[in-house]
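Just so we're aligned: the sequence shown equals residues 239 to 410 in our numbering. Even glycine gets a Cβ: it sits at the ideal position worked out from N, Cα and C. Quantities reported herein were computed from a predicted structural model and do not represent experimental measurements. Data first, discussion second: the structure below is written as structure tokens.
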Amino acid sequence: MGQVLASIQDKFHGKQWKERQIRKISDKVFDRIKNDLGERNLAFEDLYIAVLIIYNDINKHLPGPHNDPPSKEKLKYMMQKFDWNLDGLLDREEFVEFIQALTADTVTAVGRNLVIALIIAPALALAAKRATEGVPGVGKAVKKVPNSIYASIVTLAVILFQKDGADYEAYE
239 MGQVLASIQD KFHGKQWKER QIRKISDKVF DRIKNDLGER NLAFEDLYIA
289 VLIIYNDINK HLPGPHNDPP SKEKLKYMMQ KFDWNLDGLL DREEFVEFIQ
339 ALTADTVTAV GRNLVIALII APALALAAKR ATEGVPGVGK AVKKVPNSIY
389 ASIVTLAVIL FQKDGADYEA YE
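Written out as structure tokens, the structure reads:
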């Protein structure tokens, strides 16, 4: 029981929990790339592969629109910024800091989309349902729909709208 409470408590300490999760992901990817190469540190091309793997995992496991990895130019610039010993390679600690900086905006956007989709949209749906119950003609039909189904339909519409909006931004 103590482990369950500790796990719940960890979820509410958002920043530390998020940093630990990013650390786990970074260590897993670093070890995977390192084992494939037999090297201790990552050169730029290895780093680029690691970033693609991480963004693939983000897109598979986190809800919301597709997140594109940054360009090679941005990665080169960031690699120089996080290569503290100036050897042209990133060691494990440099790589973890690099990934935390790289994914900060993406993780924040995913969190914001979750709040909108899971909290705000259902609350607004129920408020809209109450408001439309008094409308002649439509009110009787709206009253017959259970709150859970109505909230689910509106939430699904909000999620689809978020996804379509992100797709539209990608084309501009």
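{"Asked": "Distance CB(Ile287)-CB(Gln338) smaller than 8 Å", "Found": "no"}
{"Asked": "Distance, Lys381 Cα to Gly372 Cα", "Found": "9 Å"}
{"Asked": "Given Leu362 as reference, the closest of Ser264, Val267, Leu324 and Ala389 once Cα atoms are compared", "Found": "Ala389"}
{"Asked": "Exposure of Val242, with buried meaning 16 or more beta-carbon neighbours within 10 Å", "Found": "Low local confidence applies: a pLDDT of 46 at Val242 is under 50, so the model's placement there is unreliable, and no value is given."}
{"Asked": "Residues near Ala314 in its chain [Cβ-Cβ closer than 8 Å; skip 5 each side]", "Found": "For clarity, residue 314 is Lys in the given sequence; the question names Ala instead. For Lys314, where only same-chain residues beyond five positions count, the Cβ hits under 8 Å are Phe282."}
{"Asked": "Which of helix, strand or coil DSSP assigns to Leu327", "Found": "coil"}
{"Asked": "Contact check, Leu340 vs Val396, beta carbons under 8 Å", "Found": "no"}
{"Asked": "Of the residues Lys367, Asn385 and Asp321, the one placed nearest Gly377, counting alpha carbons only", "Found": "Lys367"}
{"Asked": "Within-8 Å CB hit, Leu340 to chain D", "Found": "Considering every chain present, this structure includes no chain D. It has just one protein chain."}
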